[in-house]
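Numbering (the UniProt record's numbering), first residue to last: 1 to 215. First the structure, in the form of C-alpha cells, and then the observations on it.
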C-alpha cells in the first residue's frame with residue numbers, strides 16, 4: 001500500500017513539472033496567457049474587458065473554454081477501463097499533435113490544443129468523481145503546505161507539509177525548464193515535454209498491469 005502511494009506521489013510530481021513546463025511555453029508563446037492556470041486567465045479577461053480590449057479578453061475566454069472542455073473529456077475518459085492510463089494517453093496525444101501542428105501551416109494556433117490537454121490531464125487523479133491531487137492549481141497546495149506547517153508547530157505531524165511544497169516545487173522547476181526550452185526551440189519545446197508525458201503514460205500502464213489481479 002505504501003509502495004502504491006509512493007508511485008502515485010512520484011507520478012503527481014512528474015505531471016506537476018509537465019504542467020509547469022507547458023504553462024511556461026504557452027505563456028511565452030501567447031504573450032501572457034496561460035494554458036493551465038485559469039485563475040490567471042480569468043483575471044486577464046476581466047482586466048482586458050475593463051480596458052475595452054475585447055479581442056484580448058476573448059483570447060482569455062477561449063482558453064478558459066478549451067480548458068473546461070478538456071476537463072469534461074478527462075472526466076469521461078477517467079471512467080473507462082484503465083481510466084488513468086487513458087487520460088494520460090489522451091493528454092500526451094494532444095500535446096504531441098500540437099507539437100506536430102507547430103511545424104505545419106495551420107490557421108489554428110497549435111498551442112490551443114495544449115489547453116485542452118491540460119484540462120484532460122487534471123482528471124488523472126480522480127476519486128469518487130473529485131480531483132484528489134490537483135496538477136495545475138497550486139494556490140490551494142501552498143495553503144495546505146502552510147496549514148501543515150502550522151499543525152507541525154503545534155505538535156502535529158512534522159513532515160506532512162513536505163508533500164505539498166514538493167508539488168509546488170515540481171511545478172516551479174517545470175516552469176523554469178519550459179521557459180528555457182521555449183527560448184531555445186520555440187514551440188518545438190513541446191516535443192520533449194510530450195516525450196516525458198509518453199514515458200509517464202507507459203509507466204502508469206505498467207504499474208496498472210502489475211497491480212491488476214491475474215486472470
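Each residue gets a CB set at the ideal place from its N, CA and C atoms; glycine is no exception. These numbers come from a predicted model, not from an experiment.
Under 7 Å between the Cβ atoms of residue 245 and residue 208? Nothing can be reported for residue 245: it is not among the residues displayed for the chain, which extend from 1 to 215.
With respect to the alpha helix (DSSP H) encompassing residue 102, which residues constitute its N-terminal and C-terminal limits? Position 102 of the chain shown, counted from the start, is the residue given in the question as residue 102. Taken as a continuous stretch (DSSP letters only), residue 102 belongs to no alpha helix (DSSP H), as it is neither H nor E.
Note down, in chain order, each residue of its chain lying with its Cβ closer than 7 Å to the Cβ of residue 24, except the 5 sequence neighbours on either side. Along the chain shown, one-based indexing puts residue 24 at 24. 175, 178, 179, 182.
Whose C-beta lies closer than 7 Å to the C-beta of residue 206 among residues of the same chain, with five residues either side of it excluded? Position 206 of the chain shown holds residue 206. Cβ within range, chain order: n/a, list empty.
Taking its Cβ as the centre, do 16 or more other Cβ atoms sit within 10 Å of residue 59, making it buried, or is it exposed? Your numbering for residue 59 matches position 59 in the chain shown. Buried, since its Cβ has 16 or more Cβ neighbours within 10 Å.
Kindly confirm or deny that the stretch 94-105 and the stretch 146-166 touch, where touching means at least three C-beta pairs closer than 8 Å. no
Nearest-angstrom Cα distance between residue 83 and residue 72? Position 83 of the chain shown, counted from the start, is the residue given in the question as residue 83. Position 72 of the chain shown, counted from the start, is the residue given in the question as residue 72. Cα to Cα, residue 83 sits roughly 14 Å from residue 72.
Since I believe residue 142 is in contact with residue 15 (beta carbons under 8 Å), could you give me their beta-carbon distance rounded to a whole number of angstroms? Start at 1 with the first residue of the chain shown, and residue 15 comes out as number 15. Start at 1 with the first residue of the chain shown, and residue 142 comes out as number 142. The pair is not a contact, with the Cβ atoms about 18 Å apart (cut-off 8 Å).
Rounded separation between residue 55 and residue 76 - CA only: Looking up residue 55 in the chain shown gives position 55. Looking up residue 76 in the chain shown gives position 76. Near 32 Å, if we compare the C-alpha coordinates of residue 76 and residue 55.
Cut-off 8 Å between Cβ atoms - residues of its own chain near residue 203, not counting five sequence neighbours on either side: What you label residue 203 is simply residue 203 of the chain shown in a count that begins at 1. Around residue 203: 11.
Does residue 159 come out as helix, strand or coil in the three-state DSSP assignment? As a position in the chain shown, residue 159 is number 159, starting the count at 1. Reduced to three states, the DSSP call for residue 159 is coil.
Might you give, ordered along the chain, the residues of its own chain that have their beta carbon closer than 7 Å to the beta carbon of residue 166, omitting 5 neighbours on each side? Indexing the chain shown from 1 puts residue 166 at position 166. Cβ neighbours of residue 166 beyond the five flanking positions: 13.
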